[in-house]
Amino acid sequence: MIIKIVLLIFILLEFSNVVVLYFFPGSKKANGVGVFSAWEKSKEFPEIHDFVRYLVNWVAGVKLIFLSLLGLIVLFADLDFQRLSLVALGVATLAFFWRMFPLARQMDHEGLIQPKNYSVMLGRMILVIVILFIVAAIIGL
(Lines of atoms letter the chains of each structure in order from A and count residues from 1; the text may use other names and numbers.)
(Lines give C-alpha, C1' and ligand atoms only; values in the text may rest on other atoms or scores of the structure.)
Protein backbone atom coordinates (compact mmCIF):
# COMPACT_ATOMS: atom_id res chain seq x y z
CA MET A 1 0.00 0.00 0.00
CA ILE A 2 2.88 2.39 0.78
CA ILE A 3 4.13 2.02 -2.78
CA LYS A 4 0.78 3.08 -4.25
CA ILE A 5 0.55 6.01 -1.82
CA VAL A 6 4.02 7.27 -2.78
CA LEU A 7 3.26 6.88 -6.49
CA LEU A 8 -0.08 8.69 -6.13
CA ILE A 9 1.51 11.55 -4.17
CA PHE A 10 4.15 11.90 -6.86
CA ILE A 11 1.48 11.85 -9.60
CA LEU A 12 -0.45 14.61 -7.78
CA LEU A 13 2.69 16.68 -7.26
CA GLU A 14 3.76 16.39 -10.89
CA PHE A 15 0.23 16.93 -12.18
CA SER A 16 0.13 20.27 -10.33
CA ASN A 17 3.31 21.17 -12.21
CA VAL A 18 1.71 20.17 -15.53
CA VAL A 19 -1.29 22.42 -14.80
CA VAL A 20 1.00 25.32 -13.94
CA LEU A 21 3.19 24.83 -17.01
CA TYR A 22 0.19 24.65 -19.37
CA PHE A 23 -2.02 27.35 -17.88
CA PHE A 24 0.17 29.56 -15.65
CA PRO A 25 3.74 29.13 -16.93
CA GLY A 26 4.91 32.43 -15.46
CA SER A 27 3.94 31.32 -11.95
CA LYS A 28 6.52 31.09 -9.22
CA LYS A 29 4.55 28.27 -7.58
CA ALA A 30 4.56 24.53 -8.35
CA ASN A 31 7.87 24.89 -10.19
CA GLY A 32 6.53 27.33 -12.76
CA VAL A 33 9.16 29.05 -14.88
CA GLY A 34 8.36 32.48 -13.40
CA VAL A 35 11.21 31.95 -10.95
CA PHE A 36 13.62 32.52 -13.85
CA SER A 37 14.14 36.18 -14.78
CA ALA A 38 14.69 35.02 -18.36
CA TRP A 39 10.96 34.20 -18.62
CA GLU A 40 10.02 37.90 -18.43
CA LYS A 41 13.05 39.00 -20.46
CA SER A 42 12.12 36.59 -23.25
CA LYS A 43 8.86 38.50 -23.72
CA GLU A 44 10.87 41.39 -25.16
CA PHE A 45 11.77 39.13 -28.07
CA PRO A 46 8.63 37.43 -29.43
CA GLU A 47 10.58 34.84 -31.42
CA ILE A 48 12.57 33.79 -28.35
CA HIS A 49 9.50 33.89 -26.11
CA ASP A 50 7.60 31.66 -28.52
CA PHE A 51 10.51 29.21 -28.44
CA VAL A 52 10.59 29.29 -24.63
CA ARG A 53 6.82 28.76 -24.50
CA TYR A 54 7.20 25.84 -26.92
CA LEU A 55 9.81 24.23 -24.65
CA VAL A 56 7.68 24.80 -21.55
CA ASN A 57 4.69 23.17 -23.26
CA TRP A 58 6.90 20.34 -24.50
CA VAL A 59 8.03 19.64 -20.93
CA ALA A 60 4.41 19.72 -19.73
CA GLY A 61 3.40 17.31 -22.51
CA VAL A 62 6.20 14.88 -21.72
CA LYS A 63 5.23 14.99 -18.04
CA LEU A 64 1.61 14.29 -18.96
CA ILE A 65 2.61 11.23 -21.00
CA PHE A 66 4.83 10.06 -18.16
CA LEU A 67 2.06 10.58 -15.57
CA SER A 68 -0.42 8.65 -17.71
CA LEU A 69 1.94 5.68 -17.81
CA LEU A 70 2.60 5.98 -14.08
CA GLY A 71 -1.16 6.01 -13.45
CA LEU A 72 -1.49 2.76 -15.40
CA ILE A 73 1.29 1.26 -13.29
CA VAL A 74 -0.58 2.22 -10.11
CA LEU A 75 -3.85 0.77 -11.41
CA PHE A 76 -2.76 -2.39 -13.15
CA ALA A 77 0.81 -3.40 -12.30
CA ASP A 78 1.62 -5.96 -9.65
CA LEU A 79 3.54 -5.08 -6.50
CA ASP A 80 6.94 -6.14 -7.87
CA PHE A 81 6.54 -3.97 -10.98
CA GLN A 82 5.40 -1.01 -8.85
CA ARG A 83 8.45 -1.44 -6.61
CA LEU A 84 10.76 -1.56 -9.63
CA SER A 85 9.01 1.55 -10.95
CA LEU A 86 9.92 3.39 -7.74
CA VAL A 87 13.55 2.37 -8.12
CA ALA A 88 13.51 3.50 -11.77
CA LEU A 89 11.93 6.82 -10.74
CA GLY A 90 14.60 7.31 -8.08
CA VAL A 91 17.48 6.60 -10.44
CA ALA A 92 16.01 8.69 -13.27
CA THR A 93 15.27 11.60 -10.94
CA LEU A 94 18.91 11.64 -9.85
CA ALA A 95 19.72 12.87 -13.37
CA PHE A 96 18.50 16.27 -12.13
CA PHE A 97 21.75 16.60 -10.18
CA TRP A 98 23.83 15.88 -13.29
CA ARG A 99 22.62 18.63 -15.64
CA MET A 100 19.80 20.74 -14.25
CA PHE A 101 21.00 21.41 -10.71
CA PRO A 102 24.41 22.80 -11.71
CA LEU A 103 22.72 25.10 -14.22
CA ALA A 104 20.04 26.22 -11.75
CA ARG A 105 22.70 26.82 -9.09
CA GLN A 106 24.77 28.89 -11.52
CA MET A 107 21.72 31.00 -12.46
CA ASP A 108 20.87 31.34 -8.78
CA HIS A 109 24.37 32.62 -7.98
CA GLU A 110 24.09 35.09 -10.87
CA GLY A 111 20.82 36.46 -9.45
CA LEU A 112 18.75 35.12 -12.36
CA ILE A 113 16.33 33.17 -10.17
CA GLN A 114 13.92 34.55 -7.60
CA PRO A 115 13.57 33.78 -4.78
CA LYS A 116 17.25 33.60 -3.97
CA ASN A 117 18.54 30.10 -3.18
CA TYR A 118 15.64 28.54 -5.09
CA SER A 119 18.08 26.04 -6.59
CA VAL A 120 19.07 24.82 -3.13
CA MET A 121 15.44 24.43 -2.07
CA LEU A 122 14.65 22.61 -5.32
CA GLY A 123 17.69 20.36 -4.93
CA ARG A 124 16.65 19.42 -1.39
CA MET A 125 13.08 18.76 -2.50
CA ILE A 126 14.26 16.49 -5.34
CA LEU A 127 16.63 14.64 -2.99
CA VAL A 128 13.78 14.03 -0.52
CA ILE A 129 11.64 12.67 -3.36
CA VAL A 130 14.43 10.30 -4.46
CA ILE A 131 14.91 9.10 -0.88
CA LEU A 132 11.15 8.62 -0.56
CA PHE A 133 11.12 6.49 -3.72
CA ILE A 134 13.94 4.27 -2.49
CA VAL A 135 12.60 3.93 1.07
CA ALA A 136 9.11 3.07 -0.19
CA ALA A 137 10.60 0.47 -2.55
CA ILE A 138 12.52 -1.10 0.35
CA ILE A 139 9.54 -1.00 2.75
CA GLY A 140 7.39 -2.57 0.04
CA LEU A 141 9.57 -5.70 -0.01
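Per our numbering, residue 844 is the first one in the sequence shown, and the count goes up by one each step.
Ideal Cβ positions, reconstructed from N, Cα and C, are used throughout, including at glycine.
It should be emphasised that the depicted structure is a prediction, and the values quoted were computed from it without experimental measurement.
Note that the C-beta distance between Leu-922 and Phe-858 is not below 8 angstroms.
Per DSSP, reduced to three states, the secondary structure at Phe-867 is coil, with no helix or strand assignment. Taking a contact as a CB-CB distance under 8 angstroms, the pair Ile-845 and Ile-974 does not count as one, their CB atoms being some 14 angstroms apart. In terms of Cα proximity to Met-968, the closest of Gly-869, Ile-848, Thr-936 is Thr-936.
The alpha-carbon separation between Phe-888 and Ala-938 amounts to approximately 31 angstroms. For Asn-900, the enclosing alpha helix (DSSP H) has its first and last residue at 889–919. Contact check for Val-899 against Val-878 fails: the beta carbons are separated by 8 angstroms or more.
Only residues of its own chain outside the window of five on either side were considered, and among them Phe-944 have a CB closer than 6 angstroms to the CB of Gly-966, listed in chain order. With respect to the C-alpha of Met-950, the residue from Ala-881, Tyr-897, Val-863, Val-862 having the closest C-alpha is Ala-881.
Shown here for Arg-948: same chain residues with a beta carbon closer than 6 angstroms to its own, the five before and five after excluded, namely Ser-962 in chain order. Val-930: member of the alpha helix (DSSP H) spanning 922–936, first to last residue.
For Glu-883, the enclosing alpha helix (DSSP H) covers residues 880–885.
Ala-979 counts as buried, since no fewer than 16 other beta carbons sit within 10 angstroms of its beta carbon.
Within the segment 941–971, the complete alpha helix (DSSP H) segments of 4 residues or longer fall at 943–952, listed in chain order.
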